[in-house]
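Below: one structure, written as structure tokens.
In the numbering used here, the protein residues as written are 2 to 519.
This is the structure we're talking about:
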């Protein structure tokens, strides 16, 4: 059904005027997630200090360039990674040597992350295939005893002694789960953006065939590619995750801003199965009104980012040890709201209708049951992916903006495209949307006073919106920066002779760059 219509750190100075690396990627093509996993606190099989890790990721969309994100979000000490490589995987732990590329972080071959930090690598030219396998390899020079990983990956990682990250073939042991690696993004001129699937074990693909990439987000990526719809699919499911309570990962409410809205190029979110675990554990917050209120808060934060939110109905689970008739009533109440007229979901993915037994709607269709009566099997995951209406993924069209016709003033609907400027009427100050994506206010020809800090982002246009705020949009329609004063009528903006950029409402100033007199 379609209804009518932790942020990653990339080191750059706030007033940087040019790209901070010399790699050949096109900074105006958007970065979009082709793969991801949700970070968790993890001990795994012990700290892998002195080991090479080679981890296989299954892409969703193709791209012309690649970057990765590594994380020490949950580490209890510093993490140092070095000799980082990306290559196309062949079989097992072997990679295609002809596709091997070295990855750097701010131009350096090694990076040390303090506890709580994550970092995105420099972009490199790399022809990444859709629905292909990319191997990311690195040497772990130093790792904490508790670190960041992802459990129940349904995918091998390969562990070898010493620093052999650049070797095409390594003598490695295959072990499950991801460690330190959380994202792979690509640059693409054809993508419409990314959809983030966020939820618990059903999103994570629990009980799907190991190593086969048969999770429902993988199957959705296959459907999108077959339909010629270039949308990245990022899987942020955590097995055992709850909407309200921390446990297996931070709660859905806590992690949503980072794991869903913090993804590269996100334009859609599909919220899936988290509430099932709250229901199954007997969490007293898991009432129909409680879940509705929590989901509404997520919907509101998603809409505030200009992103669309699809709600998934909760799948049946009678036969599982956690099912009770009382909990079934709550599940049905939540599903009724999701599909009803009071819902503010932009779309509905009816996982319940796609998977339940028509003769016994409180349970899975036997052909879709993994055997535990709580998780689908491979066929059930295909059915869930098939319940996503691909009409949800319409490309975003930016509003038409016109450049200011005079000096020093923006009217609603005025804006700037890359390379365009607005000058103060005395000619001393210039607002420039640079080709590197940064919006900068200059005094004279070279003294920067203020900027949006959006260097190397895919800035497409600045607009003074009809609601009275400045918004800097990316190529995918995403909001890269905004002044945050929406709700004004008849607002105007002025680049004043004192060097201050100010938005005025009908009676007073409502926002300023605070650069007067500089």
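Where is the CB? At the ideal position from N, CA and C, for every residue including glycine.
Asked	Found
Extent of the continuous alpha helix (DSSP H) run through residue 382	379-387
Buried/exposed call for residue 204, threshold 16 Cβ in 10 Å	buried
Runs of alpha helix (DSSP H) lying entirely within the stretch 295-357, each at least 4 residues, in chain order	326-340, 352-356
Three-state secondary structure (DSSP) of residue 254	helix
Simplified DSSP state of residue 505, which is helix, strand or coil	strand
Pair within 9 Å by beta-carbon distance, residue 196 and residue 235	yes
Local Cβ density within 10 Å of residue 256, reported as buried at 16 or more and exposed below that	buried
Residue closest to residue 1, alpha-carbon to alpha-carbon, out of 56, 331, 496	Residue 1 lies beyond the residue range present for the chain, which begins at 2 and ends at 519; the question has no answer from this structure.
Boundaries of the beta strand (DSSP E) in which residue 55 is found, first to last residue	52-59
Exposed unless 16 or more other CB atoms sit within 10 angstroms - verdict on residue 428	exposed
For residue 222, the three-state DSSP class (helix, strand or coil)	helix
Close Cβ partners of residue 489 (< 6 Å) along its chain, the five nearest in sequence each way excluded	469, 506, 511
Which of helix, strand or coil DSSP assigns to residue 278	helix
Length of the line joining the Cα atoms of residue 299 and residue 415	31 Å
Segment contact flag, the stretch 386-399 with the stretch 420-436, C-beta cutoff 8 Å, min 3 pairs	no
Whole-number beta carbon distance between residue 37 and residue 188, since they are thought to touch under 8 Å	No, residue 188 and residue 37 are not in contact; Cβ-Cβ is about 16 Å, not under 8 Å.
N-terminal and C-terminal residue of the alpha helix (DSSP H) that residue 171 is part of	That residue, residue 171, is in no alpha helix (DSSP H); it is neither H nor E in DSSP.
Outcome for residue 509 when other beta-carbon atoms lying within 10 angstroms are tallied against a minimum of 16	exposed
Bridge partner(s) assigned by DSSP for residue 68	186
Close Cβ partners of residue 480 (< 7 Å) along its chain, the five nearest in sequence each way excluded	306, 307, 472, 474
Limits of the beta strand (DSSP E) - the one that residue 83 falls within	80-89
Close beta carbons around residue 90, own chain, < 7 Å, minus the five adjacent residues each side	57, 96, 134, 135, 136
Residues of its chain near residue 69, where Cβ-Cβ distance is below 8 Å and the 5 sequence neighbours each way are ignored	85, 87, 104, 121, 122, 137, 182, 184, 185, 186
Identity of the residue in 337, 466, 362 nearest residue 400 by Cα	466
C-alpha gap between residue 404 and residue 494, whole angstroms	13 Å
Spatially closest choice to residue 453 from 482, 62, 463, by CA coordinates	482
Meets three-Cβ-pair contact criterion under 8 Å: the stretch 309-316 and the stretch 281-288	no
C-alpha gap between residue 253 and residue 246, whole angstroms	8 Å
Residue from 110, 323, 260, 266 with nearest C-alpha to residue 30	266
Buried versus exposed call for residue 248 [16 or more other C-beta atoms within 10 Å across all chains shown]	exposed
For residue 483, the residue or residues it bridges with in DSSP	472
Validate contact between the stretch 140-156 and the stretch 41-51 using beta carbons, cut 8 Å, 3 pairs	yes
Whole-angstrom distance between residue 163 and residue 398, CA atom to CA atom	50 Å
Residue 444 - partner residues in DSSP beta bridges	430, 448
Whether residue 129 touches residue 194 by CB criterion (9 Å)	no
Helix, strand or coil at residue 266 according to DSSP, with G and I counted as helix	coil
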